[in-house]
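Worksheet: one structure, shown below.
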Amino acid sequence: MAIENTNTNTNNNNSIRAKILVRLRVIIAVGEWMTLIFNVAKATVRRPPSVKLILQQLYDIGVSSLPVCAITGFSTGLVLAAQSIYQLSDKGLTSVTGLMVTKAMMTELGPVLTAFMVTGRVGAAMTAELGTMLVTEQVDALQTMAVNPHRYLIAPRFLAGMFMMPLLTIFSIVMGIFGGYLISVYYFGMSPNTYMDPIPQHVKYFDLMTGIIKGFIFGILILTIACYKGMRTTGGAAGVGKTTTSAVVITYCAILLTNFFLTVALNVLHDKIAGFL
Amino acid sequence: MIKIRDLWKRFGKLQVLAGMDLDIQEGETLVILGPSGIGKSVLLKHIIGLLKPDQGTIDVGTTRITDLTGPDLFKAVQNMGMLFQGGALFDSMNVEENVAFYLRQHTDPETGHKVGRTEIKERVTHALEVVGLPGTEKKMPSELSGGMRKRAALARLIVYRPKIVLYDEPTTGLDPIIAMQINELIVKTKKELKATSIVVTHDMFSALYVGDRLALIRDGKIAQIADPDTFIKIDDPLIKFLHYTISEDPRALKEKNHHG
Chain A
1067 MAIENTNTNT
1077 NNNNSIRAKI
1087 LVRLRVIIAV
1097 GEWMTLIFNV
1107 AKATVRRPPS
1117 VKLILQQLYD
1127 IGVSSLPVCA
1137 ITGFSTGLVL
1147 AAQSIYQLSD
1157 KGLTSVTGLM
1167 VTKAMMTELG
1177 PVLTAFMVTG
1187 RVGAAMTAEL
1197 GTMLVTEQVD
1207 ALQTMAVNPH
1217 RYLIAPRFLA
1227 GMFMMPLLTI
1237 FSIVMGIFGG
1247 YLISVYYFGM
1257 SPNTYMDPIP
1267 QHVKYFDLMT
1277 GIIKGFIFGI
1287 LILTIACYKG
1297 MRTTGGAAGV
1307 GKTTTSAVVI
1317 TYCAILLTNF
1327 FLTVALNVLH
1337 DKIAGFL
Chain B
352 MIKIRDLWKR
362 FGKLQVLAGM
372 DLDIQEGETL
382 VILGPSGIGK
392 SVLLKHIIGL
402 LKPDQGTIDV
412 GTTRITDLTG
422 PDLFKAVQNM
432 GMLFQGGALF
442 DSMNVEENVA
452 FYLRQHTDPE
462 TGHKVGRTEI
472 KERVTHALEV
482 VGLPGTEKKM
492 PSELSGGMRK
502 RAALARLIVY
512 RPKIVLYDEP
522 TTGLDPIIAM
532 QINELIVKTK
542 KELKATSIVV
552 THDMFSALYV
562 GDRLALIRDG
572 KIAQIADPDT
582 FIKIDDPLIK
592 FLHYTISEDP
602 RALKEKNHHG
């Protein structure tokens, strides 16, 4: 009897615990995500991953994303320029087209759209790859061969993502300005000087830095969320599919939210610093 | 060699291990029998440090595996190897890269240096010959059949000569001919490496063919453990049933294979 009683008690306690755990799922997930980042950082500091693995990831994340980033940046630049000319021509404000395209690409559209494309192209693939490795026991196999999966699988991806995202962002910003220039000059017949001249006058380093900082932070978000979700995969092939979808959705939301806070924070910071100068 | 004391592990509501005690002698092949989903693989994963118990200890030699984490754990499991159910070959690498993986990652404990390129190549070729897959170096795992994948995984293991080898359901899902080859390889591996082996299976034929001692898991504990002759005579419904599934004693075949 006594034993049975303790059993029911533990069962009750367990079910209450399970209910609380379900409620706190989001907080727990964030905690686990941060723990993963911490563990990877620790493993990296102790012994950096091999250069060969990092180069491989730099290529996979950076170089192979160039075409999509080119298309994204270029078409966004085209649309921005065309739309601002259509909207502003009757008000005689078309001379700001170049400036608008540049500022919009640098501060918002460049980093956010690049991050979206990289999430879809790199993040999703990474979650699926790591998830598959996990459910087919390849991650376990690494561990039984005394290789730390954090150092071998995740650290090279983190490092490459942090390094490549700002560069990809700059690349799509340049492509956007170029696209805007082409359509303004060759389709709407604007003189190249009208498009280009206001840019060096009004665009500040701060605008470019906004894009770079955002790219860097989005890079961290994309790779950490993709790896975290990949390493938490359960439930076979179907599980891999589900995890990949949720990783992409979460990353998109995280990028949009973080983008808002970054915009405000960077501008406030900039005003503060400008006040001191 | 391996000493397991009072091992407990629970997954959610499922109590998988419940106070398991087990001793494994150096150089023996212990076969752990029991139906699927009863915690046999979980036990192996505890021994090699992939899982941490809720309670209890595992000593391998003089090292307490259950107390170790991080780099110490990785160091402690360096002389162990595990053959996974699906082989768990890295599918981004070809067979050669898979088999050479350990040697390229680690320094040789005896010399303190990384193994040289030519030696790696020789050892990889030899390991693939032992498992009967010569010439498959450049194949990708996706091009191999299930049985071949398992044998390639075994080559990846024996290439670094672990002192303790764990087999997770080595013959499950294979046809009888391939299963027999795997059984033969387990015997061969033991001879070649002089390793301590633990085989987890529900295949009685395989168990009698490779095992020096047989154990039965029930309710998260070792219910029976004995040498093959005593084991098959134990009056236990499950052992009787498992014995019933085989028509002849595989040990006669083994005698014939190895001495005939």
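Line by line, the protein sequences are chains A and B.
Residue numbers for the first sequence follow my numbering, so the first one is 1067 and each next one is one higher.
Residue numbers for the second sequence follow my numbering, so the first one is 352 and each next one is one higher.
We treat Cβ as the ideally placed atom computed from N, Cα and C, and that holds for glycine.
Cβ of A/Tyr1294 within 7 Å of Cβ of A/Leu1102?
Here residue 1294 of chain A is taken as the residue at index 228 of the first sequence, counted from 1. Here residue 1102 of chain A is taken as the residue at index 36 of the first sequence, counted from 1. Yes, the pair counts as a contact, with Cβ atoms nearer than the cut-off.
Going along the region 1133-1152 of chain A in order, which residues come within less than 8 Å of chain B, judged by CB to CB distance?
none
What is the C-beta distance between A/Thr1160 and A/Ile1288, in whole angstroms, given that I count them as a contact (C-beta under 8 Å)?
Position 94 of the first sequence holds residue 1160 of chain A. Position 222 of the first sequence holds residue 1288 of chain A. Between A/Ile1288 and A/Thr1160 the Cβ distance is about 37 Å, and since that is not below 8 Å, they are no contact.
Name, please, each residue of chain A whose Cβ falls closer than 8 Å to the Cβ of B/Leu544.
The sequence position of residue 544 of chain B within the second sequence is 193, counting from 1. Within chain A, no residue comes near B/Leu544; the closest Cβ sits about 15 Å away, beyond 8 Å.
Going by C-alpha distance, which of A/Ile1316, A/Gly1302, A/His1336, A/Ile1137 is nearest A/Gly1189?
Walking along the first sequence from the start, residue 1189 of chain A turns up at place 123. Checked all of A/Ile1316, A/Gly1302, A/His1336, A/Ile1137; the closest Cα to A/Gly1189 is A/Ile1316.
Would you check if the region 1190-1210 of chain A and the region 1144-1153 of chain A touch, i.e. whether three or more CB-CB distances between them fall below 8 Å?
no
Measuring CB to CB, does A/Thr1299 end up less than 7 Å from A/Thr1311?
Mapped onto the first sequence, residue 1299 of chain A falls at position 233. Mapped onto the first sequence, residue 1311 of chain A falls at position 245. No, they are not a contact pair.
Beta-carbon contacts of A/Pro1232 that lie in its chain and below 6 Å, excluding the five residues immediately before and after:
Locating residue 1232 of chain A in the first sequence gives position 166, counting from the first residue. Only Ile1278, Gly1281, Phe1282 meet the Cβ criterion.
Quick check: is any heavy atom of the ligand NAD less than 6 Å from the C-beta of A/Tyr1318?
This structure simply doesn't include the ligand NAD, nor any ligand for that matter.
Are the beta-carbon atoms belonging to B/Met431 and B/Pro521 less than 7 Å from one another?
Taking the second sequence and counting its residues from 1, the one referred to as residue 431 of chain B is at position 80. Taking the second sequence and counting its residues from 1, the one referred to as residue 521 of chain B is at position 170. Against a cut-off of 7 Å, the Cβ pair of B/Pro521 and B/Met431 comes out as no contact.
Cut-off 7 Å between Cβ atoms - residues of its own chain near B/Asp458, not counting five sequence neighbours on either side:
Position 107 of the second sequence, counted from the start, is the residue given in the question as residue 458 of chain B. Strictly speaking, residue 458 of chain B in this sequence is Thr, with Asp absent from that position. The residues are His464, Lys465.
What beta strand (DSSP E) runs, 3 residues minimum, are completely inside the region 482-535 of chain B?
515-519
is_contact[A/Val1188, chain B] using C-beta, thresh 7 Å:
Numbered from its first residue, the first sequence carries residue 1188 of chain A at position 122. No, no contact with chain B.
What span of residues does the alpha helix (DSSP H) with B/Gln456 cover, start to end?
Counted from its first residue, the second sequence places residue 456 of chain B at position 105. That run of the alpha helix (DSSP H) goes 446-456.
Alpha carbon to alpha carbon, how far is B/Trp359 from B/Thr540?
Residue 359 of chain B sits at position 8 when you count from the first residue of the second sequence. Residue 540 of chain B sits at position 189 when you count from the first residue of the second sequence. If I take the Cα positions, the gap works out to 31 Å.
Around the C-beta of A/Lys1169, are 16 or more other C-beta atoms found within 10 angstroms, so that it is buried, or is it exposed?
Reading the first sequence from its first residue, position 103 is the one you call residue 1169 of chain A. The residue is buried, with at least 16 neighbouring Cβ atoms inside 10 Å.
Checking the sheet assignment: what are the DSSP bridge partners for B/Ser548?
Residue mapping note: residue 548 of chain B aligns to position 197 of the second sequence, counting from 1. B/Thr380, B/Val516.
Are the C-beta of A/Pro1202 and some C-beta of chain B separated by less than 7 Å?
If you number the first sequence from 1, residue 1202 of chain A lands on position 136. In the sequence as displayed, the identity of residue 1202 of chain A is Thr instead of Pro. Yes, A/Thr1202 lies at the interface with chain B (some Cβ there is under 7 Å from its Cβ).
Tell whether a beta-carbon distance below 7 Å holds between A/Asn1325 and A/Val1178.
Residue 1325 of chain A sits at position 259 when you count from the first residue of the first sequence. Residue 1178 of chain A sits at position 112 when you count from the first residue of the first sequence. Cβ atoms of A/Asn1325 and A/Val1178: closer than 7 Å.
For chain A, check one thing: does any of its Cβ atoms lie closer than 7 Å to the Cβ of B/Phe435?
Mapped onto the second sequence, residue 435 of chain B falls at position 84. Closer than 7 Å to some Cβ of chain A, the Cβ of B/Phe435 qualifies, so yes.
Note down the Cα distance separating A/Asp1206 from A/Leu1200, rounded to an integer number of angstroms.
For the purposes of this step, residue 1206 of chain A is identified with residue 140 of the first sequence, where counting begins at 1. For the purposes of this step, residue 1200 of chain A is identified with residue 134 of the first sequence, where counting begins at 1. Answer to the nearest angstrom: the Cα atoms are 7 Å apart.
Give me the DSSP bridge partner(s) of B/Val411.
Locating residue 411 of chain B in the second sequence gives position 60, where the first residue counts as 1. Partner(s): B/Ile353, B/Thr414.
Do the region 1203-1220 of chain A and the region 1256-1270 of chain A meet, that is, are 3 or more Cβ pairs less than 8 Å apart?
no
Would you mind stating whether A/Leu1050 and A/Met1297 have Cβ atoms separated by less than 7 Å?
Nothing about residue 1050 of chain A can be read from this structure; chain A reaches only from 1067 to 1343.
Of all the options B/Ala369, B/Ile383, B/Leu368, which has the alpha carbon lying nearest to the alpha carbon of B/Asp519?
The sequence position of residue 519 of chain B within the second sequence is 168, counting from 1. For the residues B/Ala369, B/Ile383, B/Leu368, the minimum Cα distance to B/Asp519 belongs to B/Ile383.
Is DSSP giving B/Gly385 helix, strand or coil here?
As a working mapping, residue 385 of chain B is identified with position 34 in the second sequence. Here B/Gly385 sits in coil by DSSP.
Using the rule of at least 16 other Cβ atoms within 10 Å of the residue's Cβ for burial, across every protein chain shown, is A/Leu1323 buried or exposed?
Residue numbering aside, residue 1323 of chain A sits at position 257 when the first sequence is read from its first letter. It is exposed - the Cβ of A/Leu1323 has fewer than 16 other Cβ atoms within 10 Å.
For chain B, check one thing: does any of its Cβ atoms lie closer than 7 Å to the Cβ of A/Met1211?
Your numbering for residue 1211 of chain A matches position 145 in the first sequence. Output row for A/Met1211: interface = yes.
Other residues of its chain near B/Leu544: CB distance less than 8 Å, five sequence neighbours each side excluded
If you number the second sequence from 1, residue 544 of chain B lands on position 193. Ile509, Arg512, Pro513, Lys514, Val516.
Determine, using beta carbons only, whether A/Leu1332 and A/Thr1276 come nearer to each other than 7 Å.
As a first step, residue 1332 of chain A is located in the first sequence; it is residue number 266 there, counting from the start. As a first step, residue 1276 of chain A is located in the first sequence; it is residue number 210 there, counting from the start. Yes. Within cutoff.
Using a Cβ-Cβ cutoff of less than 7 Å, which residues in the same chain neighbour A/Met1143 once the five nearest sequence positions on both sides are dropped?
Counting from 1 along the first sequence, the entry for residue 1143 of chain A is found at position 77. It is worth fixing the name first, because residue 1143 of chain A is Gly in this sequence and not Met. Closer than 7 Å at the Cβ level, and outside the excluded window around A/Gly1143, lie Val1167, Met1171, Met1241, Gly1242, Ile1243, Phe1244, Gly1245, Gly1246.
Given a cut-off of 7 Å, decide if B/Leu440 and B/Ala503 are closer than it, judged by their beta-carbon atoms.
Looking up residue 503 of chain B in the second sequence gives position 152. Looking up residue 440 of chain B in the second sequence gives position 89. Yes. Within cutoff.
Distance between A/Val1106 and A/Arg1217 (C-alpha atoms, nearest Å):
Stepping through the first sequence from its first residue, residue 1217 of chain A is reached at position 151. Stepping through the first sequence from its first residue, residue 1106 of chain A is reached at position 40. If I take the Cα positions, the gap works out to 6 Å.
Three-state class that DSSP yields for B/Ile568 in the structure shown:
Position 217 of the second sequence holds residue 568 of chain B. Strand at B/Ile568.
Near B/Lys501, what residues of its chain come up, given a Cβ to Cβ distance below 6 Å and the 5 sequence neighbours on each side ignored?
Position 150 of the second sequence, counted from the first residue, corresponds to residue 501 of chain B. Gly438.
What are the boundary residues of the alpha helix (DSSP H) that includes B/Ile583?
Counting from one through the second sequence, the residue named residue 583 of chain B turns up at place 232. Its alpha helix (DSSP H) spans residues 579-584.
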